[in-house]
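*Asks:* Mind having a look at this structure? Questions to follow.
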Amino acid sequence: MITLSRYNRLETLWGEVTQNNRIPDEIKIETEQKLLKNTVKIRAQFFDFRIKGDDLREKLTECYSTLNLVEPLLKDAANRLGNDTKLIVTDPNGVVISCYADDIIGYCCPAADIINSNKNLQNCLGRGNLLEVSYDNGIHTQLIPILNEYGEIQFYWGATSYSPIATEVSNILYLTAQLVQQRYIHLTMINEYTNSFINAIPEHVMLLDNNGRIINVNQQCLNMLQLDKDMLLGMPFDNLIAGSSLTQSILTAESHSRFKLRLWDRDVSCRVTTKKLITTPYGNQLVLLFDRIDSKEVYPAVYPVNDDDFSFDKIIGNTAEIKKIKLLAREAARSPATILLTGESGTGKELFAQAIHKESQRTGPFVAINCGAIPSDLIQSELFGYEEGAFTGARKKGNPGKFEIADGGTILLDEIGEMSPDMQVSLLRFLQDKTVTRIGGYSPKKVDVRIIAATNRDLKDEVRKGNFREDLFYRLNVISLKIPPLRERRQDIQLLADYFLKRLCKENNIPVLQLDENAKRNLLDYNWPGNVRELENCIERAFIFRKGTELNFDELKINTINIKKNKETIKADMEQVEREAIENQLRLCGGNITDTANAMGITRQTLYRKMKKLHIKRKDYLFEN
């Protein structure tokens, strides 16, 4: 490791280079003694392998910290070179990530295959030796490995030219490489200190540089977002904000803002507090504190009353069974009576509840809440609200409960069979008088709410077992609607499959695909224990992994063991199916993310999410084709 005095001396020597445009004799002698005598010279075939577009942008984002460190020296040193020689920076695999000439950016450094295929060469370079490669097309490259404090190669600093690299260039490479290495180690130490500091903070913390790029995130924030750190580093903060650009306003002053973070597979509503800048030797860092203000697991969804997606016309089916239940539901919608929706998981109970609400012409919102997802100690406050000071952490001015929010509308109590006994008593009381009293409050409030309950359990059986109150069951069971399973409406299977496939094609802007005859037959033979939800997932999976203009039976990945076996359940190994498909396509595309995503008919973000979930590393498939 370079000492501080040595580092200061290097900075002084570099100052002489920039001021006098000459290499000091001290460096010339040192270069000759320590570097040029330990040069690994290779003649090799040139491989013209380009990365471009999204892959290049992905690589630049991935190497943001390195680029942020070396860019000033890169530009400064490049000014000392002739027009025929270009400075380059590569990642540990030899991929060029930065240079001082547009004609070089986007090339994979040909030395990559040489470096990665020769273990002895790797060991030699690990001692800091110079690699000099002469290619059969006349290109010459010199690379000096930049090591971390443990002697591991982090990236390469080098030059490329159509003529042999001059000694003067080697001198500049040697001097600047030492500066870069010292700065890299220094920055690494700063980052380690910063990581320890922000991870000790209980809040959700994100750091931005003065250009609005994400440079650090603590573990608490990553847990909240359910993302890996390497997915965020180097990304402009604006890219995470759904619908607008707020970075500038956030950078200018301390503020409190509410916005949605647009993640790859979901949105997260947040409140951000801007704190003062942290000053470092390599620029300022802005501290952002996040507070999640909405959670799908705890808080209900609120749907607009005029959304056409939530109507009976959107419930697909022509069989007598589904037509009958739709007719009964339409009639039930006209009354204010409580409705109990029953049926197996995946039959579409929430869709029916939304359609009933729309048909009822109630002017208030539709509020859906999963009774099984809310912790028992929170459900009272979630449904009925609380007053200011009701408990530690209570918001100022209190908070309305979901019955208040749904006033004039409809509330869906999904998974009602999961509700705790204490909460069953409170719900029964509400059904009797239609009033709510906030926790810590004394004044009851009358609300007009239509209640729809849904469950996949047999509540009569739960009553017999003592798990569900009998009086509450009869209060909820004023109108009972049982949604038929998919196996009892087989004529709708093909109709539903076509609908899902058409929708996927429209969303992805491609011509409508078809199912082949074999696939259609097997769809009808299968018993769909997961019902409509399983069918939808099956069609989406086949769409993602399709190979032609038709979806075949193999792409559907239906467990044939369970075909024609009524009321038997399956658990297909989805992860293995996805893993094999993604790995095969990555192998065919040489690790190119854009090409792989296009071939599979999915977005790059979706592919990244699946690769993260399945622990698939892109680097394992580079250069295989």
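Each residue of the sequence shown is one higher than the one before, starting from 2 at the first, in the working numbering.
Ideal placement from N, C-alpha and C gives every residue a C-beta, glycine not left out.
#1: From the DSSP secondary-structure annotation, give me the bridge partner or partners of S162.
#2: Between E416, E383, L414, which lies nearest to K403 when the distance is taken from Cα to Cα?
#3: Using a Cβ-Cβ cut-off of 6 Å (strictly less than) and excluding sequence neighbours within five positions of H205, which residues of its own chain qualify?
#4: Quick check: the Cα distance between A78 and R184, rounded to an integer number of angstroms?
#5: Pull up the DSSP beta-bridge partners for N532, would you.
#6: With N336 as the anchor, note down where its alpha helix (DSSP H) starts and where it stops.
#7: Just the Cα atoms here: how many angstroms apart are Q355 and E541?
#8: Measure the CB-CB distance between T339 and L477 and report whether it falls below 8 Å.
#9: By DSSP, does I571 sit in helix, in strand, or in coil?
#10: Look at the Cβ atom of A520, then the Cβ atom of E351, and state whether they are nearer than 8 Å.
#11: Is the Cβ-Cβ distance between L132 and S99 less than 8 Å?
#12: Taking 8 Å as the cut-off, decide whether the C-beta atoms of A160 and Q182 are in contact.
#13: Candidates A598, K461, V273: which alpha carbon is nearest D472's?
#14: The alpha helix (DSSP H) spanning K483 covers which residue range?
#15: Might you give, ordered along the chain, the residues of its own chain that have their beta carbon closer than 7 Å to the beta carbon of F474, omitting 5 neighbours on each side?
#16: Would you call the segment 324-339 and the segment 437-447 touching, i.e. three or more CB-CB distances under 8 Å?
#17: Tell me P401's beta-bridge partners as DSSP assigns them.
#18: Between the alpha carbons of K611 and A369, how many angstroms are there, rounded?
#19: Run through DSSP, which three-state label would T253 get?
#20: Could you check the C-alpha separation between I357 and L341 for me, to the nearest Å?
#21: To the nearest angstrom, report how far apart N200 and K614 are at their CA atoms.
#22: Can you tell me whether S99 is helix, strand or coil according to DSSP?
#23: If you measure between the beta carbons of I216 and L174, is that distance less than 8 Å?
#24: Between which two residues does the alpha helix (DSSP H) containing L352 stretch?
#25: So what does M207 bridge to, in DSSP terms?
#26: Given that a residue counts as buried once 16 or more other Cβ atoms are within 10 Å of its Cβ, and exposed if not, what is S361?
#27: Between which two residues does the beta strand (DSSP E) holding Y136 run?
#28: Using beta carbons (cut-off 8 Å, strictly below), is R488 in contact with chain C?
*Replies:* If we stick to the structure as given:
#1: T86, H141
#2: E383
#3: Q221, C222, M225, F291
#4: 15 Å
#5: The partner list for N532 (beta bridge, DSSP) is empty, contrary to what the question assumes.
#6: Residue 336 is actually Ser in this sequence, not Asn. Where S336 is concerned, there is no enclosing alpha helix (DSSP H), given that its DSSP letter is neither H nor E.
#7: 24 Å
#8: yes
#9: Any reading at I571 needs caution, since the residue's pLDDT is 37, under 50, leaving its predicted position unreliable; the model's value is listed next. The answer is coil: DSSP assigns I571 none of H, G, I, E or B.
#10: no
#11: no
#12: no
#13: K461
#14: Note, K483: premise wrong, no alpha helix (DSSP H); beta strand (DSSP E) at 480-483.
#15: L460, V464
#16: no
#17: G386
#18: 28 Å
#19: In this predicted model, T253 has a pLDDT of only 47, less than 50, meaning its place in the structure is not dependable; the value taken from the coordinates is given anyway. Correct three-state label for T253: helix.
#20: 12 Å
#21: 24 Å
#22: strand
#23: no
#24: 350-361
#25: V218, L289
#26: buried
#27: 131-136
#28: You won't find chain C in this structure, because it holds only one protein chain.
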